[in-house]
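Written below as structure tokens is the structure these notes are about.
Structural data, given as structure tokens:
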């Protein structure tokens, strides 16, 4: 009996160690959007940073969703009294905290656009120049924009690689939950 208890305890310790290891290793999220004739979106996850296997979350193919039969609407139970002001403040703080935790590994944008009117195309291109030339010194960001003054078109490709440690997400979400749904002040 003692041996069985000991084996179960060691199995629980090993499972806890594996879960902790997964939570402290960085995740890498790779997002790609492109448009030639139609929009395509692709997302993939790499569990151990750039060294892990690539797990495809979305392959870029849009499949029509089957229609679900309509169900009768049931009465919903709310969270009690919703406090919109506290919820909005907590959501803004959560967004700021999450931006600080996510690391941009690489970002690239290749864009060819035209509005049909050369004056409008030039105006939009002029408004984009701070983005184009302001990121030229950053090694992780590559922005290439080509204006097409003679035709109306929009083609291009954007890629974004993000890295984050899942365990670092726990405190901001706990703070958000407490501030938004915790006791009233």
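Residue numbers (the numbering used here): 2 to 186. Positions of the beta carbon are idealized from the N, C-alpha and C atoms, including for glycine.
Residues that residue i bridges to, as DSSP identifies them
i, result
"residue 33", "43, 160"
"residue 154", "115"
"residue 143", "109"
"residue 93", "In the DSSP output, where bridge partners are listed per residue, residue 93 has none listed."
"residue 28", "165"
"residue 56", "46"
When the options are compared against residue i, the one with the closest alpha-carbon
i, options, result
"residue 177", "102, 136, 8, 96", "96"
"residue 102", "144, 88, 170", "170"
"residue 183", "18, 121, 15, 85", "85"
"residue 107", "144, 100, 133", "144"
"residue 1", "7, 16, 174", "Limits of the chain in this structure are 2 at one end and 186 at the other, which puts residue 1 out of reach."
"residue 181", "52, 46, 31, 87", "87"
Proximity test, Cβ basis, 7 Å: residue i and chain D
i, result
"residue 46", "Of the protein chains in the structure, only one exists, and it is not chain D."
Same chain, Cβ closer than 6 Å to residue i, neighbours up to 5 away in sequence not counted
i, result
"residue 160", "33, 109"
"residue 168", "24, 25"
"residue 119", "150"
Residue j beta carbon less than 7 Å from that of residue i
i, j, result
"residue 153", "residue 117", "yes"
"residue 55", "residue 45", "yes"
Beta-carbon contacts of residue i that lie in its chain and below 8 Å, excluding the five residues immediately before and after
i, result
"residue 27", "49, 50, 164, 165, 166"
Reduced DSSP secondary structure (H/G/I, E/B, other) of residue i
i, result
"residue 176", "helix"
"residue 148", "strand"
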